[in-house]
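In what follows, a single structure is set out as structure tokens and then discussed.
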Ligand code: NAD
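Residue numbers (this note's numbering): 898 to 1378.
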């Protein structure tokens, strides 16, 4: 069986413990490869390599760093089909989605930051004829980059690219649930001739490898994407060590449909926002609020469209919904479907594990799109992040009421509004407490804009200039004139 390896100091290496974890294909429930059960010793080795690489890499001209990132992007693009299949098997998402969204976005992430550093500006401030201040933005050193399983290569590369583009070296940790594409990225970096130690990838459990990265005294900067509970743990360790941290955490995103919306678009995009990637995107709209006079029609149409989504073997063409990523996540989704019933909700479609989609996938973790009505905004199903194909639809009467509902959770990652009233769109967007507000669209991403959450959805921002700032230290030089 294929044994994955860490990528340390330019080489693929076995874990020092000699131990491996099972890597399960969620569409079959079968172990199909082994992932290193890394620990603090592997992290130490990766940090040593990153430390040795830092003086050379941080002094490498931006143009040369940019060329290295471009080569990595080309390498990913060359192996796009292979990576998409690997991601599909590792994660359970439809192959078509990995092919059209996840892997192309990883290519874009590297190209975006490879070119961004060629256009970076520096700031100067003149102090009334007394002095000239200029800001040097210097790399911060060794960065710890920790990512989740839902968009494995996409999210890991969203951290790696800006970290190394700005002259840092890095120790990255993919989720142990979906390690395959990070392993393949390691191979691509070797093929692309990235100098040893610039990027290191250590596999293993969060409580061992993730915790060791967060606590390592030589890691100055931690960029973490994952659940809010884990984020709190990361902050608890990193904050007293005065590390710079960015936390991209959970969401319970409102999707608000006013009666004047373009209903065809509102329905089809709300279904996509609810169920894309089996509802396992942090930006999914899992609480749909619909203005009362449009509510009944919207619910009927939403259920009709969602009911047509084809659940099936993720490797098959034409499949919209694949497998849930793991048994643990599958159990969690099932738990919340049952909780919805206990809380008095009405399940319109779904609500229980799906029968086997074919012979190959007999042991897989399949859960159908689930639509619930009749639950108030305060119940647990509408307050807690489920991170699966479960959506609740709730009526509202006026703007103030729905803004109250939208803001009344611990989270604040993203929100979506559907209305043709321009003034209302701007007014509501301004009052909803989310890091991103989409108006008449969903998941339309421009890599230049700040990305991140408010409240318990995180601290710090990724994307564009925000990422370039995060991974650099601004030093002011004041020269008397
Ligand atoms: P998770 O928090 O369980 O794990 C995320 C990563 O942290 C994994 O690599 C894991 O191994 C590691 N980890 C676990 N314990 C750790 C510890 N004590 N110290 C350091 N690292 C540790 O999250 P998950 O289940 O992999 O992902 C789902 C969550 O991620 C959801 O809550 C989702 O909303 C969130 N997410 C957020 C964004 C965003 O941009 N805000 C994007 C994608 C996913």
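Note that the Cβ used here is the ideal one computed from N, Cα and C, for glycine as well.
If you're wondering where the values come from, they're calculated on a predicted model, not measured in any experiment.
For residue 1151, the closest C-alpha among the options 976, 1343, 977 and 1305 is that of 1305. Residue 952 carries a helical assignment under DSSP once its states are collapsed to helix, strand and coil. Relative to the non-hydrogen atoms of ligand 1, the Cβ of residue 1335 never comes closer than 7 angstroms to any of them. Here residue 1376 is exposed: its Cβ has fewer than 16 other Cβ atoms, across all protein chains shown, within 10 Å.
In this structure, DSSP gives residue 1362 a helical state, which the three-state scheme calls helix. About 6 angstroms separates the CB atoms of residue 1070 and residue 1110; that is less than 8 angstroms, so the two are in contact. Pairing residue 1164 with residue 1187 gives a Cβ-Cβ distance that is not under 8 angstroms.
For residue 1315, the enclosing beta strand (DSSP E) has its first and last residue at 1311-1315. Annotation: the segment 1017-1073 contains the following complete segments of the beta strand (DSSP E) (minimum length 3 residues), in chain order: 1021-1024, 1028-1036, 1039-1043 and 1066-1070. Proximity of the segment 997-1017 to the segment 1316-1334 falls short of the contact definition, fewer than three beta-carbon pairs being nearer than 8 angstroms. Residue 1043 has its CB nearer than 7 angstroms to a heavy atom of ligand 1. Check the Cα spacing between residue 1001 and each of 987, 981 and 1016: the tightest is with 981.
Note on residue 1232: under 16 other CB atoms within 10 angstroms of its CB, so exposed under the neighbour-count rule.
Secondary structure at residue 1096: strand, using DSSP grouped into helix, strand and coil. For residue 1199, the secondary structure class from DSSP, reduced to helix, strand or coil, is helix. Approximately 7 angstroms separates the beta-carbon atoms of residue 1241 and residue 1272; this is inside 8 angstroms, confirming the contact.
The beta carbon of residue 1199 sits closer than 8 angstroms to the beta carbons of 1164, 1167, 1168, 1185, 1268 and 1290 from its chain, once the five residues preceding and following it are set aside; these are given in chain order.
As the crow flies, the alpha-carbon of residue 909 is around 28 angstroms from that of residue 1135. Counting along the chain, no beta strand (DSSP E) covers residue 1368, and no H or E run does either.
Taking all protein chains in view, the Cβ of residue 1022 is surrounded by fewer than 16 other Cβ atoms within 10 Å, so the residue is classified as exposed.
At least one heavy atom of ligand 1 lies closer than 7 angstroms to the C-beta of residue 1310. Taking 8 angstroms as the cut-off, the beta carbon of residue 934 is found no closer than this to the beta carbon of residue 1053. If you check the C-beta of residue 1030 against ligand 1, you find no heavy atom less than 7 angstroms away.
When secondary structure is reduced to three states using DSSP, residue 1289 falls in the strand class. Remark: the shortest separation between the CB of residue 1258 and any heavy atom of ligand 1 does not fall under 7 angstroms. The nearest non-hydrogen atom of ligand 1 is 7 angstroms or more from the C-beta of residue 1203. Collapsing the DSSP output to three states places residue 1175 in a helix.
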